[in-house]
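All remarks here apply to the structure that follows.
2 protein chains.
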Amino acid sequence: MQGDPKSRKAALYDTLKAQVLTLELPPGSDLDETALSEQFALSRTPLREVFRNLAGEGFLDLRENRGARVAEMSHKTLRDFFLAAPMIYGAVMRLAALNARPDQVDMLVKAQDAFRAALDGGTGAQRALANNRFHEITGEMADNIYLLPSFHRLLIDHARISMTFYRPQHEVMAQDVSEAASQHDAIIAAIQARDEVGCAQLAIDHWNLSRGKIEMFVMPAGLDMPLGQVPIGLST
Amino acid sequence: MQGDPKSRKAALYDTLKAQVLTLELPPGSDLDETALSEQFALSRTPLREVFRNLAGEGFLDLRENRGARVAEMSHKTLRDFFLAAPMIYGAVMRLAALNARPDQVDMLVKAQDAFRAALDGGTGAQRALANNRFHEITGEMADNIYLLPSFHRLLIDHARISMTFYRPQHEVMAQDVSEAASQHDAIIAAIQARDEVGCAQLAIDHWNLSRGKIEMFVMPAGLDMPLGQVPIGLST
DNA sequence: AAAATACAATATGTATACAAAAAGAATTTC
DNA sequence: GAAATTCTTTTTGTATACATATTGTATTTT
Chain A
1 MQGDPKSRKA ALYDTLKAQV LTLELPPGSD LDETALSEQF ALSRTPLREV
51 FRNLAGEGFL DLRENRGARV AEMSHKTLRD FFLAAPMIYG AVMRLAALNA
101 RPDQVDMLVK AQDAFRAALD GGTGAQRALA NNRFHEITGE MADNIYLLPS
151 FHRLLIDHAR ISMTFYRPQH EVMAQDVSEA ASQHDAIIAA IQARDEVGCA
201 QLAIDHWNLS RGKIEMFVMP AGLDMPLGQV PIGLST
Chain B
1001 MQGDPKSRKA ALYDTLKAQV LTLELPPGSD LDETALSEQF ALSRTPLREV
1051 FRNLAGEGFL DLRENRGARV AEMSHKTLRD FFLAAPMIYG AVMRLAALNA
1101 RPDQVDMLVK AQDAFRAALD GGTGAQRALA NNRFHEITGE MADNIYLLPS
1151 FHRLLIDHAR ISMTFYRPQH EVMAQDVSEA ASQHDAIIAA IQARDEVGCA
1201 QLAIDHWNLS RGKIEMFVMP AGLDMPLGQV PIGLST
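So, in structure tokens, the structure goes:
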């Protein structure tokens, strides 16, 4: 590890974030202050500040006298996720279509290129991170400080759930993954056309695609989830 | 300041939170590490941890090499607020009606009693805090980790905006404030009846009441806010 | 006198040392 | 031998000391 403390701190922050998103650090795993402290050549003080930042953003859980853990994912988590996601993401996309600046659209196009590149020859982690980046940009476009906190938390678990089916070995998923990429293209087009209603609908379609994948691969039998239910707040 | 460091830390946390919510610390004001450090008998390390927690929750802004500030409120903030609030709060109330446990309903009733007590002889700050507590409980009832981050941020600025008209000197507001209290009663009834649709509608009515107050007292003329627009995600 | 620079004072960021608590290992007790 | 207890080790929390950056003041320069 090199550079000034400030850049080492940023490196720690970025690394942990990526490791959480890609399940390299699985939900519930403990973080070792001393080990990370040596690895990133930082004393415990700035290290613990990074922990607190990440905890505030929902990546970690800090427990009194018991160290930091990667935020858990449970059955309830998944249920909450699919309850909140269509509404929040629909709203974010709608606002993105209304407010997107040209430079942000450029960024989105670049992120989509990177996503397709990752699909074509990248690892599962690279795919999940590229997809995450795409959606982060739509959040920046929406630019609403009250919506973004929930949106960012959703993106964390969206990435982690996605990791399950972005792994290259899951050949069955190839079609779904390519459909996701097509939806991204449609999202870009809708944003460029300032089509807020179409954008919101695309958001819902996109989450529903994820939901289908989860059902197939992750969902334990018997989990009480209202799959057929119209999502809250979008029952138009 | 007395007790063990842990309780002093909690006191600092609670005090700052209340001071932000009640505008005793106005938006944008600087926090003095050294002064607070002496006042609460804490060294700078735990103090700065509290700052980071509060920043993560949206109470403070931390700027590199430039200390902590109370989160700003701007025209854009108000606009974002009224765009996001009906949707988020509607969803929270809906889930509250679905999930509320009996003990939580008891807490809500107690909070409402405290709110009425504050209206009848309390300071503006006490009123705002009591109202805040009421809504916090509905958030606990909803119990969705993806919705709560945005909800909590909304509550912060809801309290701060409210402070403008909870001041006793604004006699014109007496009727609106009493209407707010009645709405709280209706909300409790709807939750007890597990009436999710009614609850969501009450949430929207409640925010609209706030919006009317803001228009009268705070809103600068000419601010481009879509007052007549149906809120995102609830255009049923 | 105004602007620019250099200096001093203050505030913030990081590292280390110490205190307290939790976790683990060894011993004792039954 | 299992359970409980004590003791040791490790980990977490806090305080302090030092390094760095920013801000305010005084001096210099034009």
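In order, the protein sequence lines correspond to chains A and B. Here the first sequence is numbered in the numbering used here, starting from 1 and rising by one per residue. Here the second sequence is numbered in the numbering used here, starting from 1001 and rising by one per residue. Ideal Cβ positions, reconstructed from N, Cα and C, are used throughout, including at glycine. None of the values given here were measured: they were computed from a predicted structure.
The C-alpha of residue 1006 (chain B) is placed about 18 Å away from the C-alpha of residue 49 (chain A). Taking 4 residues as the minimum length, the alpha helix (DSSP H) runs contained wholly in the region 1071-1128 of chain B are 1075-1099 and 1102-1119, in order along the chain. In the DSSP secondary-structure assignment, residue 147 (chain A) is not bridged to any residue. For residue 86 (chain A), the number of other beta carbons within 10 angstroms of its own is at least 16, and it is reported as buried. Residues of the region 36-59 of chain A whose Cβ lies closer than 8 Å to any Cβ of chain B, in chain order: 45, 48, 49, 52, 53, 55, 56, 57 and 58. Residue 1187 (chain B) and residue 1014 (chain B) have their alpha carbons spaced roughly 27 Å apart. For residue 1176 (chain B), the enclosing alpha helix (DSSP H) stretches over residues 1174-1192. Taking 7 Å as the threshold, the shortest C-beta distance from residue 80 (chain A) to chain B falls below it. In the displayed model, residue 25 (chain A) falls within coil according to three-state DSSP, outside both helix and strand. Against chain B, the CB of residue 203 (chain A) has no partner CB under 7 Å away; the residue lies outside that interface. Neighbourhood of residue 153 (chain A) in chain B, by CB distance below 8 Å: 1145, 1146 and 1149, in chain order. For residue 31 (chain A), no alpha helix (DSSP H) run applies, since DSSP gives it neither H nor E. Residue 1091 (chain B) belongs to the set of residues whose beta carbon lies under 7 Å from a beta carbon in chain A. Of the other Cβ atoms in all chains shown, 16 or more fall within 10 Å of the Cβ of residue 1112 (chain B); this residue is therefore buried. At least one C-beta of chain B is nearer than 7 Å to the C-beta of residue 84 (chain A).
Taking a cut-off of 8 Å for Cβ pairs, the region 115-134 of chain A and the region 146-153 of chain A do not touch, as fewer than three such pairs fall below it. At a cut-off of 7 Å between beta-carbon atoms, residue 1087 (chain B) makes contact with chain A. Residue 1047 (chain B): member of the alpha helix (DSSP H) spanning 1044-1056, first to last residue.
In the DSSP assignment, residue 1061 (chain B) falls within the beta strand (DSSP E) that extends over 1060-1062. By the criterion of at least three beta-carbon pairs nearer than 8 Å, the region 117-131 of chain A is not in contact with the region 1054-1064 of chain B. Straight-line measurement puts the Cα of residue 183 (chain A) at about 25 Å from the Cα of residue 23 (chain A).
The beta carbon of residue 61 (chain A) sits closer than 8 Å to the beta carbons of 55, 68, 69, 70, 71 and 72 from its chain, once the five residues preceding and following it are set aside; these are given in chain order. Taken atom to atom, the span from the alpha-carbon of residue 1138 (chain B) to that of residue 207 (chain A) is near 27 Å. Residue 1069 (chain B) has B:1030 and B:1061 as its beta-bridge partners, per DSSP.
Between residue 1163 (chain B) and residue 1124 (chain B), the CB-CB gap stays under 7 Å.
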